Each structure stands twice: as structure tokens, then as C-alpha cells.
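Undergrad: Mind looking over this structure? Questions follow.
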Amino acid sequence: MFQKYKWKTKINNKTIILKSIIILKIKNFFQIKNILEINTPKICTTTSQNINIQPIYIDNYIFLTKTKLFLQNSPEYNMKKLLTLGAFSIYQISTSFRSSDISKIHNPEFTILEWYRIKYTVKMLIKEIIELFKNLLLNKKIKKLTYEMLFKKTFSIKPKNESLYKIKQLIKRYNIKIKSTITNKNDYLNLLLKYIIEPNLDKNIILILYNYNLLQAHLSIKKLHYANRFEIYINNTEIANGANELKNYNSHIKKFNKYNKKKIFFKKIINNDIKFILSLYHGLPQCSGVAIGLDRIIMYHLKKTHIKYITTFLK
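Numbered per our numbering, the sequence shown spans residues 10 to 324.
Structure representation (C-alpha cells):
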């Protein structure tokens, strides 16, 4: 009677072993560098606030209280709380959850490798990421390119100098649909990046895109008109993003307020993480951090075309 049910996973034993070896290599890499492995909660009363991420909440209440719980969409906030407690570098291989479509490269439950380096600049962190990639035998050529160079090469424009009108004309030329949430120059530039630039990136290289347009800043260097932030692409797909972390307490409060005005998740506001805000007031040390989609790295490393081939019992 059970023959019609398929219970076997798409991942095979060889892949399970190789995946385990890759994770072990990553842990050894950080151990050699004296970067502390930590573990943070996966269920909390709030979660990271990002207008591009829809969280998953648990539709029940614990101990009969009216406290909504969220599966964590990122370990970022909890890791930064730990950073304020002591000046040591940390990393985590964490399961995260986001409400989004299932695709060849994404599952709502996925694995993030995230780490923070105390007193590191973005340049120093990128160098360390390249070292990790080489350690994992990701043998594609690595190319570094600025955000401005990429837009100039693709559209013959300089983002920081171009008028909003001209950028809108480019959007119109490529027939890109505009959502009601698109409100500023930065949003329009992101559309061009997502729908025109990213699908046409060179698949034969690992691209590190840095020095973002000012409005995309985590930590902005205003006199230079760029943000101390970067993204990494493999096979046209973003696999990592990082930044020199925002230290200013008031800047974080403005960021939270801007998010809450959107009210885009479930037509409700996600409560601010008060403990995170208090920890920022206490003081986040100067550091740089990066989040890497570990499933995508493993897919590339093992030459798999679908996330189901590296994930156990994926529906």
C-alpha cells in the first residue's frame, strides 16, 4: 500500500560524505585562524529586518502568552549582540529560514556561513574569503570589479552622477516591471543590477563586486561616494554579501524606523529587537562581516544543478 509514496532523498551517500568533508574543511580553516565558532537561537520573538526578506513566523504562542515567534532569517543580529560582549572574531554555520519560492538554488530552509572579523577592513576580509575559496578548491578565476565600473561597462553610465530620469529611461528600455515599493534612485539601480546585469555575468569567473553606490551603504564613506560593501557571484548567482559594519547607534535606529514604515511583512510591523538595539548602544566594535550561502557553494563545488541533490529529504 505504501509503494506509491516516494520516501528516498535525491542526495546520494557519496554527496553526503563530500558535503561533510567540505564543512569540516571550513571549520578547520577557522580553527587555524582562531576564529571562535558560536551557535545562536533559531527561534526568537523578532528577526532581522530587511525589506527584501520575508520571514517565517510560528503561528502559535508559547506558554499561552501572546508572543509571536519567528524562525530566524539570518544569524546577523544575535551574532552582533555577541560581538558587543567582547573583542573576538566569531563564525557560525547556521540554518536560516525565509518565506520565498523554491527554486533550483533556493529552499526556504537553508544554510548560511557567517563570520565577523574584529578590526578588519573590507579589503582584509575579501582577502580572507579568497583564501577560504582556494582552500575549498574553488578553482575559477577570481575577478574584482567596482559597482561603478560594472554599470559603466554595461550601460555607459556612472550611478553616482546619473539622473533619476535617465535611469528610469533605461528601466523602460529594458521593459522591467516596477513595483510600488520602488521609490528612489537606489531601488531603480537595483532593478538594473538584478534583471540585466546579473543574468549576463561571466560564468567562468568568481566575481567580487565592491564599492557600491552610496545609498546602498552599510558604512558609507560620503566624500568618496561609495559604500564599504561587497557581493560575490558564482555562475550568475549571488553567493555572498559583506560589509564594514555600521557602528553608529542612531543610524541603526533610522534604519529600523524606515523599515517599519514599509509594513510589508504580513501587513504588520516586526518588532524591533530591543536587546540588539541596547547592545548597539553599548557599542559594536569596528569589524567587517560576510554572509555566504553555503548550500550554493556546496552545489558549485560538487557540480550539482539543483539544491535537492545536496539537501536531505527536500520536498
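Ideal Cβ placement from N, Cα and C applies to all residues, glycine included.
Since we're looking at a predicted model, the values are computed, not measured.
Just tell me which of ASP110, ASP196, ALA96 has its CA closest to the CA of GLN63.
TA: One-based indexing of the sequence shown puts residue 63 at position 54. Closest by alpha carbon: ASP110.
Undergrad: Which complete beta strand (DSSP E) runs does the region 37 to 74 hold, if anything under 3 residues is left out?
TA: The region 37 to 74 contains these whole beta strand (DSSP E) runs: 65 to 67.
Undergrad: Please state the DSSP three-state secondary structure of GLN81.
TA: Position 72 of the sequence shown holds residue 81. Coil, per DSSP.
Undergrad: Which residues in the same chain as LEU27 place their Cβ atom closer than 7 Å to its Cβ, once the five residues preceding and following it in sequence are excluded?
TA: What you label residue 27 is simply residue 18 of the sequence shown in a count that begins at 1. Cβ within range, chain order: LEU311.
Undergrad: Applying the criterion that 16 or more other CB atoms from any shown protein chain within 10 Å of the CB defines a buried residue, is GLY298 buried or exposed?
TA: Here residue 298 refers to the residue found at position 289 when the sequence shown is read from its first residue. Buried is the call here.
Undergrad: Less than 9 Å between CB atoms is the rule here; does ASN253 satisfy it with respect to chain B?
TA: The displayed structure is made up of one protein chain only, and chain B is not part of it.
Undergrad: Taking the Cβ atom as the reference point for each residue, do THR56 and GLN81 lie within a distance shorter than 9 Å?
TA: Taking the first residue of the sequence shown as position 1, residue 56 is located at position 47. Taking the first residue of the sequence shown as position 1, residue 81 is located at position 72. Closer than 9 Å, so yes.
Undergrad: In terms of alpha-carbon separation, which member of LYS162, LYS150, LYS203 lies closest to ILE180?
TA: Stepping through the sequence shown from its first residue, residue 180 is reached at position 171. Comparing Cα-Cα distances from ILE180 to each of LYS162, LYS150, LYS203, the minimum goes to LYS203.
Undergrad: Secondary structure at GLN225, three-state DSSP: helix, strand or coil?
TA: Position 216 of the sequence shown, counted from the first residue, corresponds to residue 225. Note on GLN225: pLDDT 48, under 50, position unreliable in the model; the coordinate value appears next. Three-state result, GLN225: helix.
Undergrad: Could you check what DSSP says for PHE285 in three-state terms: helix, strand or coil?
TA: One-based indexing of the sequence shown puts residue 285 at position 276. DSSP places PHE285 in helix when its eight states are reduced to three.
Undergrad: Exposed or buried, what is TRP16 when buried is set at 16 or more other beta-carbons lying within 10 Å of its beta-carbon?
TA: Taking the sequence shown and counting its residues from 1, the one referred to as residue 16 is at position 7. Per the 10 Å Cβ criterion, exposed.
Undergrad: Whose CA, out of LYS19, MET158, ASN222, lies closest to the CA of LEU216?
TA: Residue mapping note: residue 216 aligns to position 207 of the sequence shown, counting from 1. Taking only the C-alpha atoms, the option nearest LEU216 is MET158.
Undergrad: Nearest to THR320 by alpha carbon, out of LEU91, LYS34, THR120?
TA: Locating residue 320 in the sequence shown gives position 311, counting from the first residue. The residue with the shortest Cα to Cα distance from THR320 is THR120.
Undergrad: Specify, as a first and last residue, the run of the alpha helix (DSSP H) that LYS161 falls within.
TA: Reading the sequence shown from its first residue, position 152 is the one you call residue 161. It spans 156 to 164 - the alpha helix (DSSP H) in which LYS161 sits, taken as one unbroken run.
Undergrad: In terms of residue numbering, what span does the alpha helix (DSSP H) encompassing GLU254 cover?
TA: Stepping through the sequence shown from its first residue, residue 254 is reached at position 245. Segment: none, GLU254 is in no alpha helix (DSSP H) and carries neither H nor E.
Undergrad: Identify which residue in HIS115, TYR221, LEU200, THR192 has its Cα closest to the Cα of ILE185.
TA: The residue you call residue 185 lines up with position 176 of the sequence shown. Answer by Cα proximity: LEU200.
Undergrad: Please state the DSSP three-state secondary structure of LYS263.
TA: As a position in the sequence shown, residue 263 is number 254, starting the count at 1. The answer is helix: DSSP assigns LYS263 an H, G or I state.
Undergrad: Just reading off the alpha helix (DSSP H) that GLN178 is part of, what are its end residues?
TA: By 1-based counting over the sequence shown, the position of residue 178 is 169. 173 to 182 is the extent of the alpha helix (DSSP H) around GLN178.
Undergrad: Taking the C-alpha atoms as reference points, what is the distance between LYS153 and ILE286?
TA: Here residue 153 refers to the residue found at position 144 of the sequence shown. Here residue 286 refers to the residue found at position 277 of the sequence shown. Rounded to the nearest angstrom, the two C-alpha atoms are 34 Å apart.
Undergrad: Just verifying my parser: in three-state terms, what is the DSSP assignment at LYS231?
TA: Along the sequence shown, read from residue 1 onward, the residue named residue 231 stands at position 222. Note that LYS231 scores 48 on pLDDT, short of 50, meaning its location in the model is unreliable; the coordinates nonetheless yield the value given after this. It is helical.
Undergrad: Quick check: the Cα distance between ARG126 and ASN220, rounded to an integer number of angstroms?
TA: To locate residue 126, count along the sequence shown from 1; it is residue 117. To locate residue 220, count along the sequence shown from 1; it is residue 211. Cα to Cα, ARG126 sits roughly 19 Å from ASN220.
Undergrad: So which of SER105, ARG107, LEU122, LYS175 has the shortest CA-CA distance to ILE301?
TA: Locating residue 301 in the sequence shown gives position 292, counting from the first residue. When only C-alpha atoms are compared, the closest one is LEU122.
Undergrad: I'd like the list of long-range same chain contacts for ILE1, defined as Cβ closer than 7 Å, with 5 residues on each side in sequence excluded.
TA: This structure does not reach residue 1, given that the chain is present from 10 up to 324, and the question cannot be answered.
Undergrad: If you draw a straight line from the alpha carbon of ASN253 to that of ILE99, how long is it in whole angstroms?
TA: Working through the sequence shown from its first residue, we reach residue 253 at position 244. Working through the sequence shown from its first residue, we reach residue 99 at position 90. In a straight line, the C-alpha of ASN253 is about 15 Å away from that of ILE99.
Undergrad: With which residues is GLN101 paired in a DSSP beta bridge?
TA: For the purposes of this step, residue 101 is taken as the residue at position 92 of the sequence shown. Its beta-bridge partners are GLU123.
Undergrad: To the nearest angstrom, report how far apart VAL131 and GLU137 are at their CA atoms.
TA: Reading the sequence shown from its first residue, position 122 is the one you call residue 131. Reading the sequence shown from its first residue, position 128 is the one you call residue 137. Each residue's Cα considered, the two are about 10 Å apart.
Undergrad: If we call anything under 9 Å between Cβ atoms a contact, is ILE47 one with LEU91?
TA: Looking up residue 47 in the sequence shown gives position 38. Looking up residue 91 in the sequence shown gives position 82. Yes.
Undergrad: From the DSSP output, read off the bridge partner residues of LEU216.
TA: Numbered from 1 along the sequence shown, position 207 holds the residue referred to as residue 216. Its beta-bridge partners are LYS152, TYR242.
Undergrad: From the DSSP output, in three-state form, read off PHE142 for me.
TA: Translated into positions along the sequence shown, residue 142 becomes position 133. In the structure shown, PHE142 sits in a helix (DSSP, three-state: H, G or I).
Undergrad: Determine whether the beta carbon atoms of SER103 and PRO117 lie at a separation below 9 Å.
TA: Residue mapping note: residue 103 aligns to position 94 of the sequence shown, counting from 1. Residue mapping note: residue 117 aligns to position 108 of the sequence shown, counting from 1. The answer is no: Cβ separation not under 9 Å.
Undergrad: Taking ILE307 as part of the alpha helix (DSSP H), name the residues at either end of that continuous run.
TA: For the purposes of this step, residue 307 is identified with residue 298 of the sequence shown, where counting begins at 1. Per DSSP, ILE307 belongs to the alpha helix (DSSP H) from 303 to 310.
Undergrad: Helix, strand or coil for SER29 per DSSP?
TA: Position 20 of the sequence shown, counted from the first residue, corresponds to residue 29. It is helical.
Undergrad: Near ILE65, which residues of its chain fall below 6 Å by C-beta distance, leaving aside the five closest residues on each side in sequence?
TA: Indexing the sequence shown from 1 puts residue 65 at position 56. Within the same chain, ILE65 has close Cβ partners LEU80, PHE106, SER108.
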